[in-house]
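Novice: Quick one: this structure, given as structure tokens, is what I'll be asking you about.
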Ligand SMILES: [Zn+2]
């Protein structure tokens, strides 16, 4: 079985007429129920992440500012990012989901894979600020749970969202315990993610960026991802794999559109599972990041989750 984290509480982050809106998850969950995938999963209950632990990846000043902003009713906190009065609690629930999944997989429960259908996304969130629809960096907080509480010294974060995961890269730039691989459209928002960005200090060489130009064929994209991921994982030898799974590289995504088709998320998922199997006893936590065509997103997640379930059964 696969752990599936979903909750109607994620819909309370009200962004109005914004591409990152509740409708995304409404359509995804409805589709997974209709295709009877939800009943093949174990859906745990979990707690939102506490503020003390958020401070592992975010400055206390930023967390206080974010809370004060949502208490005043929300609005546009950054040029691309809109929040409502519930948004802090919703982000805490998203980060809590990733951390709960990390705990369960590392406890050696029967499940080896998890999918967190959370919002808002998190991989652009900075230590000291919201950015690009993101408030808290959930995947970074999940990696910190693994290194700081479970004392892992080798974690791999894979990020296939169409945008570079700049917040995650920053979080572990000098941290040799957490490897970060991002494949993304480039040049593109947020501007970072060139192939000469490889980490610094103790983290030198533990960041790998795979910038992909618009117009690259699906075959080239898949070959690049699969080959480079395998080689990178062979160096990192992760005990746990975390995945920032954005689906905005789909050809019909209104924001990202890198030309991928729905079925391409099957081999992408298989490549990450292969690395998890080889090094991490199959342990993989996947977290939804981008994907802004709700109908297309639902189809992509169906393929992703089916691949996880078929692998884990
Ligand atoms: Zn994205």
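Numbering (the numbering used here), first residue to last: 3 to 315.
Note that the Cβ used here is the ideal one computed from N, Cα and C, for glycine as well.
1. Mapping the DSSP letters down to three states, classify residue 161 as helix, strand or coil.
2. Give me the residue from 111, 104, 116 and 165 with the minimum Cα distance to residue 142.
3. Look at the Cβ atom of residue 136, then the Cβ atom of residue 169, and state whether they are nearer than 8 Å.
4. With DSSP run on the structure shown, which of helix, strand or coil describes residue 79?
5. Which residues, in chain order, sit with a beta-carbon under 6 Å away from any heavy atom of ligand 1?
6. Kindly give me the distance between the Cβ atoms of residue 249 and residue 267, rounded to whole angstroms, as I take these residues to be in contact under 8 Å.
7. Excluding five sequence neighbours on each side, which residues of the same chain lie with their C-beta closer than 8 Å to the C-beta of residue 217?
8. Assuming residue 182 and residue 159 are in contact, meaning their beta carbons sit under 8 Å apart, how far apart are those beta carbons, in whole angstroms?
9. For residue 213, which residues does DSSP report across the bridge?
10. Around the C-beta of residue 195, are 16 or more other C-beta atoms found within 10 angstroms, so that it is buried, or is it exposed?
11. Just to confirm the assignment, what range does the alpha helix (DSSP H) spanning residue 64 have?
12. Inspect the beta-carbon positions of residue 271 and residue 309 and report whether they are closer than 8 Å.
13. Per DSSP, which residues does residue 4 bridge with? Please list them.
14. Can the beta-carbon of residue 259 be found less than 8 Å from the beta-carbon of residue 161?
15. Can you tell me whether residue 136 is helix, strand or coil according to DSSP?
16. Where does the unbroken alpha helix (DSSP H) through residue 30 begin, and where does it stop?
17. Compare the Cα-Cα distances from residue 279 to each of 254, 314, 252 and 80 and report the closest residue.
18. With a threshold of 16 other CB atoms inside 10 Å of the CB of residue 150, please say whether the residue is buried or exposed.
19. Using the Cα positions of residue 198 and residue 38, report the straight-line distance between them to the nearest angstrom.
20. Kindly indicate which three-state DSSP category residue 166 falls into: helix, strand or coil?
21. Would you call residue 81 buried or exposed, if buried means 16 or more other Cβ atoms sit within 10 Å of its Cβ?
22. Looking at the unbroken beta strand (DSSP E) that takes in residue 287, where does it start and where does it end?
23. Among all the DSSP beta bridges, which residues are the ones paired with residue 131?
24. Relative to the alpha-carbon of residue 286, which residue among 303, 296, 295 and 157 has its alpha-carbon at the smallest distance?
25. Kindly indicate which three-state DSSP category residue 313 falls into: helix, strand or coil?
Specialist: Well, looking at it:
1. Counting from 1 along the chain shown, the entry for residue 161 is found at position 159. Residue state, collapsed to three classes: strand.
2. Sequence index remark: in the chain shown, residue 142 carries index 140 (1-based). The shortest Cα separation from residue 142 among 111, 104, 116 and 165 belongs to 104.
3. Against the chain shown, residue 136 aligns to sequence position 134. Against the chain shown, residue 169 aligns to sequence position 167. Going by C-beta atoms, residue 136 is nearer than 8 Å to residue 169.
4. Working through the chain shown from its first residue, we reach residue 79 at position 77. Of the three classes helix, strand and coil, the one that applies to residue 79 here is strand, per DSSP.
5. 163, 164, 165, 248, 250, 258, 291 and 292
6. Here residue 249 refers to the residue found at position 247 when the chain shown is read from its first residue. Here residue 267 refers to the residue found at position 265 when the chain shown is read from its first residue. About 7 Å; that satisfies the 8 Å criterion.
7. Against the chain shown, residue 217 aligns to sequence position 215. Cβ within range, chain order: 261.
8. In the chain shown, residue 182 corresponds to position 180, counting from 1. In the chain shown, residue 159 corresponds to position 157, counting from 1. Contact holds; Cβ gap of about 5 Å.
9. As a working mapping, residue 213 is identified with position 211 in the chain shown. Note: residue 213 sits in a beta bridge opposite 186.
10. For the purposes of this step, residue 195 is taken as the residue at position 193 of the chain shown. By the neighbour-count rule (16 or more Cβ atoms within 10 Å), residue 195 is buried.
11. Within the chain shown, residue 64 is the residue found at index 62, counting from 1. Start and end: 62-73.
12. For the purposes of this step, residue 271 is identified with residue 269 of the chain shown, where counting begins at 1. For the purposes of this step, residue 309 is identified with residue 307 of the chain shown, where counting begins at 1. Yes; because the gap between Cβ atoms is below 8 Å, this pair is in contact.
13. Position 2 of the chain shown, counted from the first residue, corresponds to residue 4. Paired residue(s): 115.
14. Sequence index remark: in the chain shown, residue 259 carries index 257 (1-based). Sequence index remark: in the chain shown, residue 161 carries index 159 (1-based). Against a cut-off of 8 Å, the Cβ pair of residue 161 and residue 259 comes out as no contact.
15. Here residue 136 corresponds to residue number 134 of the chain shown, with the count starting at 1. In the structure shown, residue 136 sits in a strand (DSSP, three-state: E or B).
16. Locating residue 30 in the chain shown gives position 28, counting from the first residue. Residue 30 -> alpha helix (DSSP H) spans 25-36.
17. If you number the chain shown from 1, residue 279 lands on position 277. Nearest of 254, 314, 252 and 80 to residue 279, Cα basis: 314.
18. For the purposes of this step, residue 150 is taken as the residue at position 148 of the chain shown. Exposed, because fewer than 16 other Cβ atoms sit within 10 Å of the Cβ of residue 150.
19. Numbered from 1 along the chain shown, position 196 holds the residue referred to as residue 198. Numbered from 1 along the chain shown, position 36 holds the residue referred to as residue 38. Cα to Cα, the separation comes out at about 44 Å.
20. Residue numbering aside, residue 166 sits at position 164 when the chain shown is read from its first letter. Correct three-state label for residue 166: coil.
21. For this step, residue 81 is matched to residue 79 along the chain shown. With fewer than 16 other Cβ atoms within 10 Å, it is exposed.
22. By one-based count along the chain shown, residue 287 stands at place 285. Taken as a continuous stretch (DSSP letters only), the beta strand (DSSP E) holding residue 287 covers 286-290.
23. By 1-based counting over the chain shown, the position of residue 131 is 129. Per DSSP, 128.
24. Here residue 286 refers to the residue found at position 284 when the chain shown is read from its first residue. The shortest C-alpha separation from residue 286 is found at 157.
25. The count along the chain shown starts at 1 and reaches residue 313 at position 311. If DSSP states are grouped into helix, strand and coil, residue 313 belongs with the helices.
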